[in-house]
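Asker:
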Amino acid sequence: MYRPILLSALIYGLLLAGLISLRGELIAFSLPFMLYLLYGFWNAPGALNLQIQRRLSSDRITPDGETIVTLTVTNHGADIDELVLDEMIRPQLSIRDGSPRHLIQLPKGTSHTFQYTVAGMRGSYHFEGTFAATTDLSGLTRQEQVVRSEERLFIFPDFRRLKRVSIHPRRTRVYAGMIPARVGGRGIEFFGVREYQSGDSPRSINWRVSARHVDNLYSNEYQQERVADVGIVLDARVRTNLFQSNHSIFEYAVTATAALADVFLTQGNRVGLLVYGAYLGWTLPGYGKIQRERIMQALAHAEIGVSSVFAGLEHLSPRMFPPESQIVLVSPLVGDDLEVLIQLRGRGYQVMVISPDPVKFEVSHLPKSQLVHTAARVIRMERDLLIRRLERAAIQVVEWDVSIPLDQAVSSLLVRQRRLL
Amino acid sequence: MTLIGLIVSIVISSASLAWGFAQSGFPSFSTWIIIIGLGWLLAIWQRWNWYSSIALIVFTILSALGLWFGFIPGWLFAGGVFALFAWDMAEFRLRLVVMAKDDDTRGIERRHLARVSLLALVGMALASITMLLRVKFSFEWGVLLVIVTLLGLGQLVGWFRR
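Protein sequence lines, in the order shown, are assigned to chains R and C.
For the first sequence, the numbering used here assigns the number 1 to the initial residue and increments by one for each residue that follows.
For the second sequence, the numbering used here assigns the number 1001 to the initial residue and increments by one for each residue that follows.
1. For G335 of chain R, count neighbouring Cβ atoms within 10 angstroms of its own Cβ and tell me buried if that reaches 16, exposed if not.
2. Under the rule that 16 or more other beta-carbon atoms within 10 Å means buried, what is G1070 of chain C, buried or exposed?
3. From H76 of chain R to L48 of chain R, what does the alpha carbon distance come to, in whole angstroms?
4. Specify, as a first and last residue, the run of the beta strand (DSSP E) that M88 of chain R falls within.
5. Quick check on this structure: which residue in R:R392, R:N269, R:V254 has the alpha carbon closest to the alpha carbon of T62 of chain R?
6. Classify E1109 of chain C as buried or exposed, calling it buried when 16 or more other Cβ atoms lie within 10 Å of its own Cβ.
7. Buried or exposed, going by whether 16 or more other CB atoms sit within 10 Å of the CB of Y279 of chain R?
8. Mind checking which residues open and close the beta strand (DSSP E) that includes N75 of chain R?
9. Under the rule that 16 or more other beta-carbon atoms within 10 Å means buried, what is H301 of chain R, buried or exposed?
10. Where are the alpha helix (DSSP H) runs, 4 residues long or more, that stay fully inside the region 209-287 of chain R, in chain order?
11. Give the secondary structure of Q92 of chain R by DSSP, where H, G and I count as helix, E and B as strand, and everything else as coil.
12. Could you run through the region 1033-1054 of chain C and flag, in chain order, every residue whose CB is less than 9 Å away from some CB of chain R?
13. Identify the residues that DSSP records as bridge partners of M352 of chain R: which are they?
14. Which residue marks the beginning of the alpha helix (DSSP H) containing Y12 of chain R, and which one marks its end?
15. Would you say G98 of chain R and T67 of chain R are within 9 Å of each other, going by their C-beta atoms?
16. Would you tell me roughly how many angstroms separate the C-alpha atoms of L140 of chain R and Y39 of chain R, rounded to the nearest one?
17. Considering only residues of the region 292-339 of chain R, which uninterrupted beta strand (DSSP E) runs meet the minimum length of 3 residues and lie entirely inside it, listed in chain order?
18. On the criterion of 16 or more Cβ atoms from any shown chain inside 10 Å, does Y252 of chain R qualify as buried, or is it exposed?
19. Label T113 of chain R either buried or exposed according to how many other C-beta atoms from any shown protein chain fall within 10 Å of its C-beta, with 16 as the threshold for buried.
20. D97 of chain R by DSSP, collapsed to three states: which one?
21. DSSP state of G177 of chain R, grouped into three classes?
22. Consider the Cβ of L93 of chain R: report whether some Cβ of chain C lies at a distance smaller than 9 Å.
23. Per the contact definition of three or more C-beta pairs closer than 8 Å, is the region 284-303 of chain R in contact with the region 377-391 of chain R?
24. Can you name the residues of chain C whose CB is closer than 7 Å to the CB of F29 of chain R?
25. Consider the C-beta atom of R1110 of chain C and the heavy atoms of the ligand FMN; say whether any pair is separated by less than 8 Å.
26. Classify M121 of chain R as buried or exposed, calling it buried when 16 or more other Cβ atoms lie within 10 Å of its own Cβ.
27. Ends of the alpha helix (DSSP H) at R1095 of chain C?
28. Does P1073 of chain C come within less than 9 Å of chain R when only Cβ atoms are used?
29. Quick check on I104 of chain R - is its C-beta less than 9 Å from some C-beta in chain C?
30. Can you find at least 3 beta carbon pairs, one from the region 166-176 of chain R and one from the region 200-208 of chain R, that sit closer than 8 Å?
31. Where E303 of chain R and G1039 of chain C are concerned, what is the direct C-alpha to C-alpha distance, given to the nearest angstrom?
32. Would you check if the distance between the CB atom of T434 of chain R and the CB atom of R54 of chain R is smaller than 9 Å?
33. Give me the DSSP bridge partner(s) of T134 of chain R.
34. Can you name, in chain order, every residue of its own chain whose Cβ lies under 7 Å from the Cβ of D1088 of chain C, other than the five neighbours on each side?
35. Going along the chain, which residues of the region 72-88 of chain R sit with their C-beta nearer than 9 Å to a C-beta in chain C?
36. Identify the contact partners of I1007 of chain C in chain R, using a Cβ-Cβ distance below 9 Å as the criterion.
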């Protein structure tokens, strides 16, 4: 904007000086400036009329992955000599290859296609649009257009699939699944022996028991396996996740939550997710791939937050979860969580806690010294005490050293727990 | 290409203006003009984008002063026009910053340079022709020129603001 004003001021100055001094040389000197200004205005670009199509090679990636964004810009307006295109990209996304900014010539009715590759941290990113601007040759006049877009890029947490997680809620649903239902019927695991009923397969007759009773036959009964309701609670409180120098263990918790949600859904269970942080982010329970997508989207959005209301877990209301279902809490845990978890257990919920180990995590980021070592020992003892109390209340606690991948660290524990219960 | 054009135009502008002042017996002014020119080159290196506008104003004022005092107009015209050329190039260079590796940088630079060079040439030619066509500068001519200039520039500003 200042450029035409500056030029105009110079031209005025030269003309006035020429008039005052009555010197034609000064007026002649102003001619190149006038010509430059007039050419700029004569060549001023018209309103932009651009159509932009954006294609993403994949709109769901992991933090290790990348997506190729292809933009095709079509000019439906007049010829454009210099068109600046600048993609409005969230600062959290990084450009791996190509450029989101271009300066091109775009004649009327033609198209230009360019590509760039982006990657980023876990999250949901909206491509707001493309900023387009053109100027005349002299940069005196300018036309701008922002072409909005609707595309979204989801960067889901990256996790390695767990093979199996055994849970034993008191109540199961009616559909067949993989969770022992504590009810006799068809299944794999032996449940008991009962009198033979017509319709029982001859293969199920327990001949050894029947031989002892001459008057009747007896059949083996197996434990029915059904699906269950699983409520996963992701602790997103700052006080439990954020440590010195802004080191956060939250990403690990998110990864664990994604892996657990995936394995429970794969087993056919009805899974819901509650992100417990600055607010309660509730993904209603559901089955299958659509629910997996919903949960992954919720996890992509999840972030730690502070709230005086949700500082403790006391707002973890039992009404959020079906009675006597399985609750899985993914949390580094703090001392005052104990009471709430014990209350939930007392109400008949089967509670499992996957706890990324905050002590090892924080110590790994601190300089090694005697003081740190002593402090770590004290905190370790407090934590061990907390975990022991939880286990005494029949709450299954799985400690996870986050320096080891989740599947390696906990899968054996999660399967072994089945035998213990 | 743009950088070369920019540097060459700054050198020509400073040199011709300095030469014009030196030939008219003002070597101290020439020294200052050279210093400002060197400062302009330094500003390109240091990316002081504001400097080019200041330099254009200073060079235009110095050229106008020279013309007012009757120095040799050819050198002063060249100094002013090449300062305008350099000012344009400096701004164009800023616009080129957004170019990606696979953009047609050379094509855009070539087209821009050709047009601005043509404009500078036509401007110089017009100024030279005007110098040859000497019309007696009466009061009526002056009033007419002022009115036409005001109306013309008023229209331009109005058009621009729309």
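Idealized CB from N, CA, C, for every residue including glycine.
Answerer: Well, looking at it:
1. As a first step, residue 335 of chain R must be located in the first sequence, where it is residue number 335. Per the 10 Å Cβ criterion, exposed.
2. Mapped onto the second sequence, residue 1070 of chain C falls at position 70. The residue in question, G1070 of chain C, is exposed, as its Cβ has fewer than 16 Cβ neighbours within 10 Å.
3. For this step, residue 76 of chain R is matched to residue 76 along the first sequence. For this step, residue 48 of chain R is matched to residue 48 along the first sequence. Those two C-alpha atoms are separated by around 8 Å.
4. As a first step, residue 88 of chain R must be located in the first sequence, where it is residue number 88. From DSSP, the beta strand (DSSP E) with M88 of chain R extends over 80-88.
5. In the first sequence, counting from the first residue as 1, residue 62 of chain R sits at position 62. Nearest option by C-alpha distance: R:V254.
6. On the second sequence, position 109 is the one that residue 1109 of chain C refers to. Buried, because 16 or more other Cβ atoms sit within 10 Å of the Cβ of E1109 of chain C.
7. Within the first sequence, numbered from 1, the residue matching residue 279 of chain R stands at position 279. The residue is exposed, with fewer than 16 neighbouring Cβ atoms inside 10 Å.
8. Position 75 of the first sequence, counting from 1, holds the residue named residue 75 of chain R. Per DSSP, N75 of chain R belongs to the beta strand (DSSP E) from 67-75.
9. Position 301 of the first sequence holds residue 301 of chain R. So H301 of chain R counts as exposed.
10. 238-241, 250-266
11. Within the first sequence, residue 92 of chain R is the residue found at index 92, counting from 1. Coil at Q92 of chain R, not helix or strand.
12. S1053
13. On the first sequence, residue 352 of chain R is found 352 positions in, with the first residue counted as 1. The secondary-structure analysis by DSSP pairs M352 of chain R across a beta bridge with R:V328, R:Q396.
14. Stepping through the first sequence from its first residue, residue 12 of chain R is reached at position 12. Per DSSP, Y12 of chain R belongs to the alpha helix (DSSP H) from 2-21.
15. Position 98 of the first sequence, counting from 1, holds the residue named residue 98 of chain R. Position 67 of the first sequence, counting from 1, holds the residue named residue 67 of chain R. Contact: no.
16. Residue 140 of chain R sits at position 140 when you count from the first residue of the first sequence. Residue 39 of chain R sits at position 39 when you count from the first residue of the first sequence. Each residue's Cα considered, the two are about 10 Å apart.
17. Entirely contained in the region 292-339 of chain R, the beta strand (DSSP E) runs reaching 3 residues are, in chain order, 326-330.
18. For the purposes of this step, residue 252 of chain R is identified with residue 252 of the first sequence, where counting begins at 1. Flag for Y252 of chain R reads buried.
19. Residue mapping note: residue 113 of chain R aligns to position 113 of the first sequence, counting from 1. So T113 of chain R ends up on the exposed side.
20. Working through the first sequence from its first residue, we reach residue 97 of chain R at position 97. Reduced to three states, the DSSP call for D97 of chain R is strand.
21. Here residue 177 of chain R is taken as the residue at index 177 of the first sequence, counted from 1. G177 of chain R: strand per DSSP, three-state reduction.
22. Walking along the first sequence from the start, residue 93 of chain R turns up at place 93. Output row for L93 of chain R: interface = no.
23. no
24. Taking the first sequence and counting its residues from 1, the one referred to as residue 29 of chain R is at position 29. The contacting residues are S1063, A1064, L1067, F1077, G1080, A1127.
25. Ligands displayed in this structure: none; no statement on the ligand FMN is therefore possible.
26. Residue mapping note: residue 121 of chain R aligns to position 121 of the first sequence, counting from 1. Per the 10 Å Cβ criterion, exposed.
27. The residue labelled residue 1095 of chain C in the question sits at position 95 within the second sequence. Element bounds for R1095 of chain C: 1073-1096.
28. Your numbering for residue 1073 of chain C matches position 73 in the second sequence. Answer yes: the Cβ-Cβ gap between P1073 of chain C and chain R drops below 9 Å somewhere.
29. Translated into positions along the first sequence, residue 104 of chain R becomes position 104. It does; some Cβ of chain C falls within 9 Å.
30. no
31. Numbered from 1 along the first sequence, position 303 holds the residue referred to as residue 303 of chain R. Numbered from 1 along the second sequence, position 39 holds the residue referred to as residue 1039 of chain C. Using only the alpha carbons, I get a separation of about 51 Å.
32. What the structure shows of chain R is the stretch from 1 to 421, and residue 434 of chain R is not part of that stretch, so it cannot be assessed.
33. Position 134 of the first sequence, counting from 1, holds the residue named residue 134 of chain R. Paired residue(s): R:L83, R:Q143.
34. Looking up residue 1088 of chain C in the second sequence gives position 88. Hits under 7 Å: V1116.
35. If the cut-off is 9 Å between Cβ atoms, the region 72-88 of chain R has D81, E82, V84, L85, D86 near chain C.
36. For the purposes of this step, residue 1007 of chain C is identified with residue 7 of the second sequence, where counting begins at 1. Within chain R, no residue comes near I1007 of chain C; the closest Cβ sits about 19 Å away, beyond 9 Å.
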